[in-house]
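So the structure is just underneath, and the comments pick up after that.
Residue numbers (our numbering): 334 to 709.
Okay, here's the thing in structure tokens:
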């Protein structure tokens, strides 16, 4: 029997690496003749760096850069010298995780630090950069990032504007005269799991800015800024910003990655699977054990379990999902393609207990799964 262990993290509870270790140890004892393989996954957001380090022969690079509000932060990215590939998480320099709840203020936040990480990676020799754009604290349409790479954004008097979301409406001109010449030679892949347009009801500001500290009035201001700035971008790059799928991701970073980096926007789970040779490794497997914190309707929108199921169906491998909670009825789970599913909240109704003792409950889920497959 061949069993693949391929989960995402349980946010604030278990990393995907910890999940793999816990399940594998139990499988080795209960099914000593089974071949087990750990293929931890992520969807491009927080935690992706740890997963990719599992697959890449990469070093951790630490760098002091500008944080969301222009104060210094120490950010980390991965660099593999053998392939000249860097993996950068936007959240490291420009993320919500850097701020307390009372500090959130996306209209005044910048992606400058993310651009500084990109610039550093280019300077040390990267020719391929994978950029994860989840978890941002910003709504600046990537002008901070672009500023770090040499772009200048000018008002109607040709004065340079501070690269924050509140200033998007002031920008009338883009100056690319001092852009890093190496930028055109770099191949960028962007982990982007949302399809929101840049502005409007379903755009960056209206959908995401509230959770980044914006008031109702500020959301309208930011949306107007995105609309105004898109016209400048459309004219400068000869594009239709609002038509680009995912342009509104991470406060407009989806658009920025396309126009400033010429990046290809791809689902994060697909990028991680490719880097781990996932489809090759699962061939001939009997089961894939996957999981994430919550199995719900969102799972159908580019999350890890959906990515696992897509590959599993092609390889004709059965899939078991071990989750923190499940908010899909059995019929929906079967329709999704799951052959087995269980959740920590089936064993405790106390959220704090579930979070604090997730390893213990994951062991219980694994043991019950083993009993099931032994009985087959």
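Even for Gly, the Cβ is constructed at its ideal location relative to N, Cα and C.
Residue nearest to residue i in terms of C-alpha spacing, selected from the options
i, options, result
"residue 659", "647, 638, 535", "638"
"residue 526", "591, 601, 576, 454", "601"
"residue 488", "656, 506, 621, 684", "506"
"residue 458", "668, 408, 630, 415", "415"
"residue 534", "552, 547, 518, 519", "552"
"residue 566", "508, 666, 596", "508"
"residue 693", "657, 665, 470", "657"
"residue 593", "622, 423, 483, 407", "483"
"residue 480", "465, 590, 550, 419", "590"
"residue 697", "471, 678, 542", "678"
"residue 475", "345, 448, 708", "448"
"residue 522", "642, 472, 587", "587"
"residue 686", "345, 541, 628", "345"
"residue 418", "400, 464, 708", "464"
"residue 704", "351, 364, 636", "364"
"residue 680", "670, 408, 695", "695"
"residue 357", "623, 394, 444", "623"
"residue 410", "425, 401, 400", "425"
"residue 442", "532, 399, 643, 644", "399"
"residue 516", "706, 452, 628", "452"
"residue 569", "485, 547, 662, 350", "485"
"residue 401", "351, 423, 387, 395", "423"
"residue 392", "519, 412, 374, 376", "412"
"residue 584", "604, 597, 644, 547", "547"
"residue 446", "689, 603, 438, 428", "428"
"residue 582", "387, 374, 469", "469"
Buried versus exposed, by CB contacts within 10 Å (16 or more), residue i
i, result
"residue 456", "exposed"
"residue 454", "buried"
"residue 640", "buried"
"residue 491", "exposed"
"residue 700", "exposed"
"residue 668", "exposed"
"residue 362", "exposed"
"residue 676", "buried"
"residue 389", "buried"
"residue 430", "exposed"
"residue 355", "buried"
"residue 619", "exposed"
"residue 654", "buried"
"residue 621", "buried"
"residue 405", "exposed"
"residue 595", "exposed"
"residue 538", "buried"
"residue 444", "buried"
"residue 378", "buried"
"residue 683", "exposed"
"residue 407", "exposed"
"residue 294", "Shown here, the chain extends from 334 to 709; a query on residue 294 therefore has no answer."
"residue 524", "buried"
"residue 472", "buried"
"residue 433", "exposed"
Span of the alpha helix (DSSP H), counted from its first residue to its last, around residue i
i, result
"residue 382", "381-388"
"residue 647", "637-648"
"residue 395", "Premise fails: residue 395 lies in the beta strand (DSSP E), 392-399, not in any alpha helix (DSSP H)."
"residue 476", "476-481"
"residue 343", "Element bounds for residue 343: n/a, residue is neither H nor E."
"residue 471", "Segment: none, residue 471 is in no alpha helix (DSSP H) and carries neither H nor E."
"residue 402", "Here residue 402 belongs to no alpha helix (DSSP H), and DSSP marks it neither H nor E."
"residue 669", "663-669"
"residue 614", "611-614"
Extent of the continuous beta strand (DSSP E) to which residue i belongs
i, result
"residue 599", "597-599"
"residue 680", "That residue, residue 680, is in no beta strand (DSSP E); it is neither H nor E in DSSP."
"residue 589", "Where residue 589 is concerned, there is no enclosing beta strand (DSSP E), although the alpha helix (DSSP H) it sits in stretches over 582-592."
"residue 699", "Per DSSP, residue 699 belongs to no beta strand (DSSP E); it is in the alpha helix (DSSP H), 691-707."
"residue 411", "405-413"
"residue 364", "It is not in any beta strand (DSSP E) - residue 364 carries neither H nor E in the DSSP assignment."
"residue 422", "418-422"
"residue 654", "651-656"
"residue 487", "485-487"
"residue 623", "620-623"
* To do: Scan the segment 494-577 and note each continuous beta strand (DSSP E) run of 3 residues or more that stays entirely inside, going in chain order.
  => Complete beta strand (DSSP E) runs here, min 3: 506-508, 520-524.
* Asked: Mind pulling the beta strand (DSSP E) runs of 3 or more residues that sit fully within the segment 432-466?
  -> Counting only runs of 3 or more, we get 461-465.
* To do: Decide if the segment 379-394 is in contact with the segment 648-667; the criterion is three or more beta carbon pairs, one per stretch, under 8 Å apart.
  => Taking one beta carbon from each stretch, the segment 379-394 and the segment 648-667 have fewer than 3 pairs nearer than 8 Å; the two do not touch.
* Asked: Touching or not, the segment 552-565 and the segment 493-500, by the rule of three or more beta carbon pairs under 8 Å?
  -> Output reads yes: the segment 493-500 touches the segment 552-565.
* Cβ contact (3+ pairs, closer than 8 Å) linking the segment 335-346 and the segment 367-375 -> Remark: three or more beta-carbon pairs, one from each stretch, lie closer than 8 Å, so the segment 335-346 and the segment 367-375 are flagged as touching.
* Asked: When the Cβ atoms of the segment 572-588 are set against those of the segment 603-617, are three or more pairs found closer than 8 Å?
  -> Taking a contact to require three or more Cβ pairs closer than 8 Å, the segment 572-588 and the segment 603-617 do not qualify as touching.
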